[in-house]
Structure formats: structure tokens, C-alpha cells
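Number of protein chains: 2
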Amino acid sequence: MTVPSSLQQLIQALKVLPGVGPKSASRMAYHLLQRDQAGAANLAHAIEYAMATLSHCRHCNTFTEAEVCDICADDERSRRQLCVVEMPTDLLMIEQTLAYQGLYFVLMGRLSPLDGIGTKDIAFERLLERASDGEVEEVILATNFTVEGEATAHYLAETLRARGLKVSRIARGLPVGGELEHVDPSTLAQALVERRGL
Amino acid sequence: MTVPSSLQQLIQALKVLPGVGPKSASRMAYHLLQRDQAGAANLAHAIEYAMATLSHCRHCNTFTEAEVCDICADDERSRRQLCVVEMPTDLLMIEQTLAYQGLYFVLMGRLSPLDGIGTKDIAFERLLERASDGEVEEVILATNFTVEGEATAHYLAETLRARGLKVSRIARGLPVGGELEHVDPSTLAQALVERRGL
Ligand SMILES: [Zn+2]
Ligand SMILES: [Zn+2]
Numbered sequence: 001m002t003v004p005s006s007l008q009q010l011i012q013a014l015k016v017l018p019g020v021g022p023k024s025a026s027r028m029a030y031h032l033l034q035r036d037q038a039g040a041a042n043l044a045h046a047i048e049y050a051m052a053t054l055s056h057c058r059h060c061n062t063f064t065e066a067e068v069c070d071i072c073a074d075d076e077r078s079r080r081q082l083c084v085v086e087m088p089t090d091l092l093m094i095e096q097t098l099a100y101q102g103l104y105f106v107l108m109g110r111l112s113p114l115d116g117i118g119t120k121d122i123a124f125e126r127l128l129e130r131a132s133d134g135e136v137e138e139v140i141l142a143t144n145f146t147v148e149g150e151a152t153a154h155y156l157a158e159t160l161r162a163r164g165l166k167v168s169r170i171a172r173g174l175p176v177g178g179e180l181e182h183v184d185p186s187t188l189a190q191a192l193v194e195r196r197g198l
Numbered sequence: 001m002t003v004p005s006s007l008q009q010l011i012q013a014l015k016v017l018p019g020v021g022p023k024s025a026s027r028m029a030y031h032l033l034q035r036d037q038a039g040a041a042n043l044a045h046a047i048e049y050a051m052a053t054l055s056h057c058r059h060c061n062t063f064t065e066a067e068v069c070d071i072c073a074d075d076e077r078s079r080r081q082l083c084v085v086e087m088p089t090d091l092l093m094i095e096q097t098l099a100y101q102g103l104y105f106v107l108m109g110r111l112s113p114l115d116g117i118g119t120k121d122i123a124f125e126r127l128l129e130r131a132s133d134g135e136v137e138e139v140i141l142a143t144n145f146t147v148e149g150e151a152t153a154h155y156l157a158e159t160l161r162a163r164g165l166k167v168s169r170i171a172r173g174l175p176v177g178g179e180l181e182h183v184d185p186s187t188l189a190q191a192l193v194e195r196r197g198l
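Which chain is which? The protein sequence lines are Y and S, in order.
Quick note: the first sequence uses the UniProt record's numbering, first residue 1, plus one each step.
Quick note: the second sequence uses the UniProt record's numbering, first residue 1, plus one each step.
Here's what the structure looks like:
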């Protein structure tokens, strides 16, 4: 007894999704076939439609259905600040703060030598080009404060500074409303190091 | 700034997968679009191909590309025993033991009133019909030992016995090589209850 080949292929295909191993791929396949054929058909179509319609914004590299995304096309935003993030979700998080009026650049990843992700696998060259347009005055690095995000920020800072650009990094510290008792020691240490004069 | 609609649709569509919430759906969408377009195209195709080629075996209800699956078509297997399992994966687990030579019936689910899954949502009627073919002598219930699997076994046992069929349940007990010290109390209690005369 073997699993029918089209079922095997579906289970195999589902394993390309991040965080999905053989067990969940198999559970997902049975769910799609047995419980939600409409959802399955819709998923297949949504994948194909997204691949057909989405491309990278010519300026900021985020996903867009147009050549230039809404933000880059917005004349009201300042051309002098360029905020670098890892992924489009990070851009959305910053937009939600309503605290930033400049433009963005989305790397679509982070440097991670251990996973074999180097400068060629993120939009590194395009960022250098974009930041050197003569209008950008400050590059704000807003990559994550993970090991990879920090390494990426460090590398970008060196490269961009070498090109004469002003580079800054978003701050680490206690969250708004945060209590010293409930924050992890390294964040607290960093909040001390990054203290501001009053 | 909004997420492009085709990207939103893809994230939405991925949420039909079991265990996938908004956050992982978004991570999956970016992964497919950014890191694995070949995998994405293949996934869309595999879903459509599986839905087009797979159907339920006319006898045992498992997924098959033919009208009757390999096992049901195998003349060497005994027609007298019918082993009832929840899902095709369970059937494969039992096949791996090489300890069973009868046929199967796959419910494609379990009764779970709390989730709104009743007898109409699993292949209950088909099982009754299948088990009443005049050849089946014993129905072996091999649903899981979860609350839902147990309830399903209980309900099936009553219904099948009422039709004059011999019904059995696979045993609970210590695993082969299992030590009393490392087994949970309810399994141990059950191993005592289900002790065999020697
Ligand atoms: Zn843009
Ligand atoms: Zn069959």
C-alpha cells in the first residue's frame, strides 16, 4: 500500500511553506481534500494570482501591484529620510505608529551567513543605489534586534557611512508603560546604555 | 498604505490551512513570493492536480486515484475483518506493522459534537453499509484513544453490535519495551483492566 502519487505530491509541495514538516503537511493535505475543497481551490488560485500581479516597487522594493507603491508615490512624504526594514510587515508596523513621514526601503530579508543568506540574497545593491540618489540625507536602520538583524544593521551602517550618508538606528529600551521588574536584563542594560540627556 | 489586494487574498487563502493564523499566513505568503516562487507555483499546481485526480475508494473511503484502492483490490487480503480508522495516515501506520491482513474503512474524521462534527460529517452511513456486506465478520475499531476517538468508537460499537456484527477495539497498555516507571497513570490503569489471562 502506498499513498497515491498526487496526494504524495501535494504533501511534498506543502512542505515548502516555512515551519511545515512532514506531519503538518500531511494534516494540511487531508484537511484541504476532505474538509475544505473550496478553500483549497481558492488557495491555488490566490498563489497564482499573487505571483502574476505582484512585483517589487521600483523605489522601495516592497510588494506592489503597480510599478511604484502608494508610499513612494505619495508627494507629501519627505524624500530626505529612508527607513530600512527587513520585510513589508515591518514597514506596516512603522506606518501604524503614524510617527514617520519619510520613505522606506524593504530588504526582503536579513543577512544570515549561517543560513547562506548573504548580500546577494537581499536587496543590498539596490539599497546602496537608492540611498545614493542625492535626496536622501539620513538612513534609519530599523532591522530587527535579533542576531541577524543586528549584524545586518552593522554591515549596512558601515557601507552607507563609507558613502558619506548619515546613518541612525532605532532605539532599544523599555516599552511604553514598561516596568523594570518585567523587562529582560539585556533590554534593561541597553536602556541604560542608550539613556538620553534631559 | 495598504497591503496590495492580491497579497491580502493570498494571506487570507493560506489561513484555511489547519494551525495557520494571520501571522504565519503572512510569513508563508512572503516566503512563497520572495524566496520560493518555484515552490509556490508547484504548490498551486499540486493542489489542483490532487483535487482533480483523487477520489474516495468505493469500498474503504480512503483517497485513491483509481475507483478502488490497492488494498481493497488485493485478493490476498481477508474479507472477514474490517478495521475502522479515522484517517488515511492511521491506515498507513497499521499497514507498517505488517500485523493485519484484513481490510479497512477510513472514516475521514471523528465524531466531535463540540466542533459540530456529527455522524453526517464522517462516513458513518457508508461504514454501516460496508460492514453489512455479509462477508465482514468482525469490525475492529482503531480510532484514536482521544476523547473524540473514544466517543466515536463507543458510538460505532453500539450501532454495529445492534446490527449483529462482532465488534472489537484495539488494546491500550504499555508500549513494547515500556517501563512502568515511565508510563502515565491512566495508561497503566488501563493496562491492568485489560490484562490477559496466561
Ligand atoms: Zn515603494
Ligand atoms: Zn479501498
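Glycine is no exception: its CB is placed at the ideal position from the N, C-alpha and C atoms.
Note that the coordinates shown come from a computational prediction; the quantities given were computed from them, not determined experimentally.
Local Cβ density within 10 Å of I170 of chain Y, reported as buried at 16 or more and exposed below that: The residue given as residue 170 of chain Y occupies position 170 in the first sequence. Flag for I170 of chain Y reads exposed.
Integer-rounded CB distance, given that L10 of chain S should sit under 8 Å from G47 of chain Y: Numbered from its first residue, the first sequence carries residue 47 of chain Y at position 47. Numbered from its first residue, the second sequence carries residue 10 of chain S at position 10. The sequence shown places Ile at residue 47 of chain Y, rather than the Gly named in the question. Right, their Cβ atoms sit about 6 Å apart.
Around the C-beta of M93 of chain S, are 16 or more other C-beta atoms found within 10 angstroms, so that it is buried, or is it exposed? Translated into the one-based positions of the second sequence, residue 93 of chain S becomes position 93. So M93 of chain S ends up on the exposed side.
Quick check: the stretch 110-121 of chain Y against the stretch 56-66 of chain Y, are there 3 or more CB pairs under 8 Å? no
By the DSSP assignment, the beta strand (DSSP E) with C83 of chain Y in it spans what residues? Locating residue 83 of chain Y in the first sequence gives position 83, counting from the first residue. Start and end: Q81 to V85.
Determine whether the Cβ of P18 of chain Y lies closer than 8 Å to any Cβ atom of chain S. Looking up residue 18 of chain Y in the first sequence gives position 18. Chain S contact via Cβ: present.
Whole angstroms is fine: what's the gap from D133 of chain S's alpha carbon to L111 of chain S's? As a first step, residue 133 of chain S is located in the second sequence; it is residue number 133 there, counting from the start. As a first step, residue 111 of chain S is located in the second sequence; it is residue number 111 there, counting from the start. Rounded to whole angstroms, D133 of chain S to L111 of chain S spans 24 Å at the Cα level.
What are the boundary residues of the alpha helix (DSSP H) that V193 of chain S is part of? Indexing the second sequence from 1 puts residue 193 of chain S at position 193. First-last of the alpha helix (DSSP H) with V193 of chain S: P185 to V193.
Proximal chain Y residues relative to T64 of chain S, where beta-carbon distance stays under 8 Å: Along the second sequence, one-based indexing puts residue 64 of chain S at 64. Near T64 of chain S (Cβ distances below 8 Å), the residues of chain Y are P4.
Spell out whether any CB of chain Y is found under 8 Å from the CB atom of A41 of chain S. Counting from one through the second sequence, the residue named residue 41 of chain S turns up at place 41. The beta-carbon of A41 of chain S is placed less than 8 Å from the nearest beta-carbon of chain Y.
Using 8 Å as the cut-off, can you tell me whether the stretch 12-28 of chain Y makes contact with the stretch 166-184 of chain Y, which would need three or more C-beta pairs spanning the two stretches below that distance? no
With distances taken Cα to Cα, identify the nearest neighbour of D36 of chain S among Y:V147, Y:H182 and Y:M108. Working through the second sequence from its first residue, we reach residue 36 of chain S at position 36. Measuring from the Cα of D36 of chain S, the nearest candidate turns out to be Y:M108.
Could you tell me whether the Cβ atoms of R43 of chain Y and L33 of chain S are closer together than 8 Å? Position 43 of the first sequence, counted from the start, is the residue given in the question as residue 43 of chain Y. Position 33 of the second sequence, counted from the start, is the residue given in the question as residue 33 of chain S. It is Leu, not Arg, that sits at residue 43 of chain Y in the sequence shown. In this structure, L33 of chain S does not lie closer than 8 Å to L43 of chain Y by Cβ.
Going by DSSP, which residues form a beta bridge with R169 of chain S? Translated into the one-based positions of the second sequence, residue 169 of chain S becomes position 169. The partner list for R169 of chain S (beta bridge, DSSP) reads S:L141.
What are the residues of the stretch 42-54 of chain S that lie near chain Y, defined by any Cβ-Cβ distance shorter than 7 Å? For the stretch 42-54 of chain S, residues whose beta-carbon sits nearer than 7 Å to a beta-carbon of chain Y comprise N42, L43, A44, A46, I47, E48, Y49, A50, M51, T53 and L54.
Cβ atoms of F105 of chain S and L141 of chain S: under 8 Å apart, would you say? Locating residue 141 of chain S in the second sequence gives position 141, counting from the first residue. Locating residue 105 of chain S in the second sequence gives position 105, counting from the first residue. Not closer than 8 Å, so no.
With T159 of chain S and T152 of chain S assumed to form a contact (beta carbons below 8 Å), what rounded beta-carbon distance in angstroms separates them? As a first step, residue 159 of chain S is located in the second sequence; it is residue number 159 there, counting from the start. As a first step, residue 152 of chain S is located in the second sequence; it is residue number 152 there, counting from the start. In fact, because the Cβ distance is near 11 Å, the residues do not count as touching under 8 Å.
Partner residues on chain S for A142 of chain Y, Cβ-Cβ distance less than 7 Å: Position 142 of the first sequence, counting from 1, holds the residue named residue 142 of chain Y. Those within 7 Å of A142 of chain Y in chain S number zero; the least Cβ separation is about 15 Å.
For C69 of chain S and S5 of chain Y, I'd like the C-alpha separation in whole angstroms. Position 69 of the second sequence holds residue 69 of chain S. Position 5 of the first sequence holds residue 5 of chain Y. Using only the alpha carbons, I get a separation of about 12 Å.
Three-state secondary structure (DSSP) at Y100 of chain Y? Residue mapping note: residue 100 of chain Y aligns to position 100 of the first sequence, counting from 1. The answer is coil: DSSP assigns Y100 of chain Y none of H, G, I, E or B.
Give me the Cβ distance between Q101 of chain S and R77 of chain S, rounded to the nearest whole Å; I'm assuming they're in contact under 8 Å. The residue you call residue 101 of chain S lines up with position 101 of the second sequence. The residue you call residue 77 of chain S lines up with position 77 of the second sequence. That belief holds up - the Cβ atoms of Q101 of chain S and R77 of chain S are roughly 6 Å apart, short of 8 Å.
Please find out if some non-hydrogen atom of ligand 1 comes closer than 7 Å to the beta-carbon of C83 of chain Y. Counted from its first residue, the first sequence places residue 83 of chain Y at position 83. Incorrect: C83 of chain Y has no Cβ contact closer than 7 Å to ligand 1.
Between F124 of chain S and V85 of chain S, what straight-line distance do the alpha-carbon atoms span, to the nearest angstrom? Taking the second sequence and counting its residues from 1, the one referred to as residue 124 of chain S is at position 124. Taking the second sequence and counting its residues from 1, the one referred to as residue 85 of chain S is at position 85. The straight-line gap separating the alpha-carbon atoms of F124 of chain S and V85 of chain S is approximately 12 Å.
Is the separation between the beta-carbon of C57 of chain Y and that of L103 of chain Y shorter than 8 Å? Looking up residue 57 of chain Y in the first sequence gives position 57. Looking up residue 103 of chain Y in the first sequence gives position 103. Cβ atoms of C57 of chain Y and L103 of chain Y: not closer than 8 Å.
Just checking: is the beta-carbon of M108 of chain Y within a distance shorter than 8 Å of some beta-carbon in chain B? Considering every chain present, this structure includes no chain B. Its protein chains are Y and S.
So V139 of chain Y and R80 of chain Y are supposed to be a Cβ contact under 8 Å. How far apart are they, rounded? For the purposes of this step, residue 139 of chain Y is identified with residue 139 of the first sequence, where counting begins at 1. For the purposes of this step, residue 80 of chain Y is identified with residue 80 of the first sequence, where counting begins at 1. Actually they do not touch by this definition, with Cβ atoms about 10 Å apart.
For ligand 2, I want to know if T53 of chain S counts as a neighbour, meaning its beta carbon is within less than 7 Å of at least one of the ligand's heavy atoms. On the second sequence, residue 53 of chain S is found 53 positions in, with the first residue counted as 1. No, ligand 2 has no heavy atom inside 7 Å of this Cβ.
Under 7 Å between beta-carbons, which chain S residues line up against T89 of chain Y? List them in chain order, please. One-based indexing of the first sequence puts residue 89 of chain Y at position 89. Going along chain S in sequence order, the residues near T89 of chain Y (Cβ under 7 Å) are S26.
Could you check if S186 of chain Y is buried or exposed, using at least 16 other CB atoms within 10 Å of its CB as the buried criterion? What you label residue 186 of chain Y is simply residue 186 of the first sequence in a count that begins at 1. It is exposed - the Cβ of S186 of chain Y has fewer than 16 other Cβ atoms within 10 Å.
Could you check how far apart the C-beta atoms of Y155 of chain Y and M87 of chain S are, in whole angstroms? I think they sit under 8 Å. As a first step, residue 155 of chain Y is located in the first sequence; it is residue number 155 there, counting from the start. As a first step, residue 87 of chain S is located in the second sequence; it is residue number 87 there, counting from the start. With 8 Å as the limit, Y155 of chain Y and M87 of chain S do not qualify as a contact, their Cβ atoms being about 48 Å apart.
Which residues of chain S have a Cβ atom closer than 7 Å to the Cβ of H182 of chain Y, listed in chain order? Taking the first sequence and counting its residues from 1, one reaches residue 182 of chain Y at position 182. Under the 7 Å cutoff, chain S gives no residues; its nearest Cβ is about 23 Å from H182 of chain Y.
Return yes when the C-beta of V68 of chain Y is under 7 Å from any heavy atom of ligand 1, and no when it is not. For the purposes of this step, residue 68 of chain Y is taken as residue 68 along the first sequence, with counting starting at 1. Correct: V68 of chain Y has its Cβ closer than 7 Å to ligand 1.
Partner residues on chain Y for Q37 of chain S, Cβ-Cβ distance less than 8 Å: Within the second sequence, residue 37 of chain S is the residue found at index 37, counting from 1. Within chain Y, the residues near Q37 of chain S are M51.
Proximal residues of chain S, C-beta to C-beta of L7 of chain Y below 7 Å: Position 7 of the first sequence, counted from the start, is the residue given in the question as residue 7 of chain Y. Under the 7 Å cutoff, chain S gives A50, L54 and F63.
Smallest Cα separation from R130 of chain Y: which of Y:C83, Y:G173, Y:R172 and Y:E150? Along the first sequence, read from residue 1 onward, the residue named residue 130 of chain Y stands at position 130. Ranking the options by Cα distance to R130 of chain Y, first place goes to Y:C83.
R124 of chain Y bridges to which residues according to DSSP? Within the first sequence, numbered from 1, the residue matching residue 124 of chain Y stands at position 124. First, the residue type needs correcting, since residue 124 of chain Y is Phe and not Arg in the sequence shown. For F124 of chain Y, which the question treats as bridged, DSSP gives no partner whatsoever.
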